[in-house]
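Asker: I have a structure here, written as structure tokens, and I will follow up with some questions on it.
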Amino acid sequence: MVLFPHAKINLGLHVLGKRPDGFHDIASVLFPIPLHDALEAVVDPDLADGEVRFTRTGLPIAGRPEDDLCMKAVEAVRKDHRLPGLQLHLHKAIPMGAGLGGGSSDGTHTLLLLDKLLKLGLRQEQLHAMASGLGSDCPFFLNQGPQLAQGRGELLQPVAVDLGNHWLVLVNPGIHVPTAEVYRNMRLHKDHEDLQHVIGLPVKEWQGRLVNDMEDYVFAKHPA
Numbered sequence: 041m042v043l044f045p046h047a048k049i050n051l052g053l054h055v056l057g058k059r060p061d062g063f064h065d066i067a068s069v070l071f072p073i074p075l076h077d078a079l080e081a082v083v084d085p086d087l088a089d090g091e092v093r094f095t096r097t098g099l100p101i102a103g104r105p106e107d108d109l110c111m112k113a114v115e116a117v118r119k120d121h122r123l124p125g126l127q128l129h130l131h132k133a134i135p136m137g138a139g140l141g142g143g144s145s146d147g148t149h150t151l152l153l154l155d156k157l158l159k160l161g162l163r164q165e166q167l168h169a170m171a172s173g174l175g176s177d178c179p180f181f182l183n184q185g186p187q188l189a190q191g192r193g194e195l196l197q198p199v200a201v202d203l204g205n206h207w208l209v210l211v212n213p214g215i216h217v218p219t220a221e222v223y224r225n226m227r228l229h230k231d232h233e234d235l236q237h238v239i240g241l242p243v244k245e246w247q248g249r250l251v252n253d254m255e256d257y258v259f260a261k262h263p264a
């Protein structure tokens with residue numbers, strides 16, 4: 041069985057402050073885009089029950105395979121469900137460290153893939169809890185369509201955003217910027233225009249008003 045984890049962009053990102061648990065409260069509109077990885081899982085009777093062989097191709101992926109969010113998703117499912125022997129393969133097309141959510145999408149789609157392949161019957165709230173355990177923006181990839189993300193990113197509500205008459209151009213400079221690094225070094229902004237209000241304006245009025253708070257640090261460290 042194959043699924044195609046999609047990427048996302050942030051339409052505005054307000055970092056509101058650091059929480060006692062070490063995460064940051066944010067507000068951002070997450071918008072799905074048609075750039076995909078490919079994720080395949082098959083039951084392999086030649087493998088022992090519970091054995092999962094994970095392989096990766098495509099764009100380079102930093103870190104060990106066992107630390108990949110796909111494997112963390114496998115372990116999340118394994119806590120409450122017995123697994124057969126599985127072959128799991130990820131073909132990477134979404135650049136890493138580019139703010140496109142590729143790793144989060146891969147992890148969440150691993151949950152969805154195992155649920156469908158093994159007929160686990162996981163409820164939406166179970167999937168949401170497991171996805172939240174993988175990463176702050178992972179729950180976004182459980183659903184289609186743009187959503188307003190709040191809290192640390194796991195509190196979601198659908199929003200109406202229509203970009204159907206616009207082109208989206210992605211430019212990849214090949215720079216990997218870890219999110220944790222940005223959070224450690226960025227300057228918090230005190231005044232934010234209401235994000236839902238800005239998103240509701242005509243797109244031509246977004247310029248200068250749809251703000252990503254992470255840009256100041258990233259642009260200063262990696263000037264064009």
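End of the sequence shown = 264 in this note's numbering, gap-free, step of one.
Beta carbons: idealized from backbone N, C-alpha and C, even for Gly.
None of the values given here were measured: they were computed from a predicted structure.
1) Please say whether ASP253 and LEU53 have beta carbons closer to each other than 8 Å?
2) Between ALA138, LEU235, LEU188, GLN247, which has its C-alpha nearest LEU75's C-alpha?
3) Please name the residue in SER145, VAL238, VAL222 whose C-alpha comes closest to that of GLY175.
4) Leaving out the 5 sequence neighbours to the left and right, which residues in its chain are closer than 7 Å to HIS129 when beta-carbon positions are compared?
5) Rank GLY143, LEU87, GLU91, ALA113 by C-alpha distance to the C-alpha of PRO218 and give the top, closest one.
6) So LEU235 packs on VAL69, CB below 8 Å; how close in whole Å?
7) Taking the beta carbon of THR148 as the centre, do at least 16 other beta carbons fall within 10 Å, making it buried, or is it exposed?
8) Helix, strand or coil: how does DSSP classify ASN225 here?
9) Quick check: the Cα distance between ILE101 and CYS178, rounded to an integer number of angstroms?
10) Starting from the Cα of HIS121, find the closest Cα among GLN166, GLY57, GLY214, GLY103 and give me that residue.
11) Could you name the residues of the same chain whose beta carbon sits closer than 7 Å to that of GLU91, not counting the 5 residues immediately before and after it, in chain order?
12) Could you tell me whether the Cβ atoms of ALA116 and LEU151 are closer together than 8 Å?
13) Have a look at LEU99, LEU162, ASP89, ARG192 and flag the residue whose alpha-carbon is nearest the alpha-carbon of SER172.
14) Just to confirm, are LYS132 and LEU109 a CB contact at a threshold of 8 Å?
15) Going by DSSP, what residues sit across from ASP65 in a beta bridge?
16) Excluding the five sequence neighbours on either side, which residues of its own chain have a C-beta within less than 6 Å of the C-beta of ASP84, listed in chain order?
17) From which residue to which residue does the beta strand (DSSP E) around LEU87 run?
18) Rounded to a whole number of angstroms, what is the C-alpha to C-alpha distance between VAL209 and LYS48?
19) Is the beta carbon of GLN187 closer than 8 Å to that of VAL199?
20) Going by DSSP, what residues sit across from GLN190 in a beta bridge?
Answerer: So, from the data block:
1) Going by C-beta atoms, LEU53 is nearer than 8 Å to ASP253.
2) The candidate whose alpha carbon is nearest that of LEU75 is ALA138.
3) Considering only alpha carbons, the answer is SER145.
4) Answer for HIS129: GLU80, THR95, listed in chain order.
5) With distances taken between CA atoms, PRO218 lies nearest to GLY143 out of GLY143, LEU87, GLU91, ALA113.
6) Rounded to whole angstroms, the Cβ separation of LEU235 and VAL69 is 6 Å, and the two are in contact under 8 Å.
7) Counting C-beta atoms within 10 angstroms of its own C-beta, THR148 has 16 or more neighbours from the protein chains shown and is therefore classed as buried.
8) DSSP places ASN225 in helix when its eight states are reduced to three.
9) When rounded, the distance between both Cα atoms is 18 Å.
10) That would be GLN166, whose Cα lies nearest to the Cα of HIS121.
11) Cβ within range, chain order: GLY125.
12) It is a contact, given that the beta carbons lie within the stated cut-off.
13) Among LEU99, LEU162, ASP89, ARG192, the Cα nearest to that of SER172 belongs to ARG192.
14) Contact: no.
15) According to DSSP, ASP65 bridges with GLY57.
16) Short of 6 Å from the beta carbon of ASP84, and not among the five residues preceding or following it, lie these beta carbons of its own chain, in chain order: GLY125, GLN127.
17) Counting along the chain, LEU87 sits inside no beta strand (DSSP E), nor does DSSP assign it H or E at all.
18) Answer to the nearest angstrom: the Cα atoms are 13 Å apart.
19) With a cutoff of 8 Å on beta-carbon distance, VAL199 and GLN187 are scored as near each other.
20) LEU195, per the DSSP bridge assignment.
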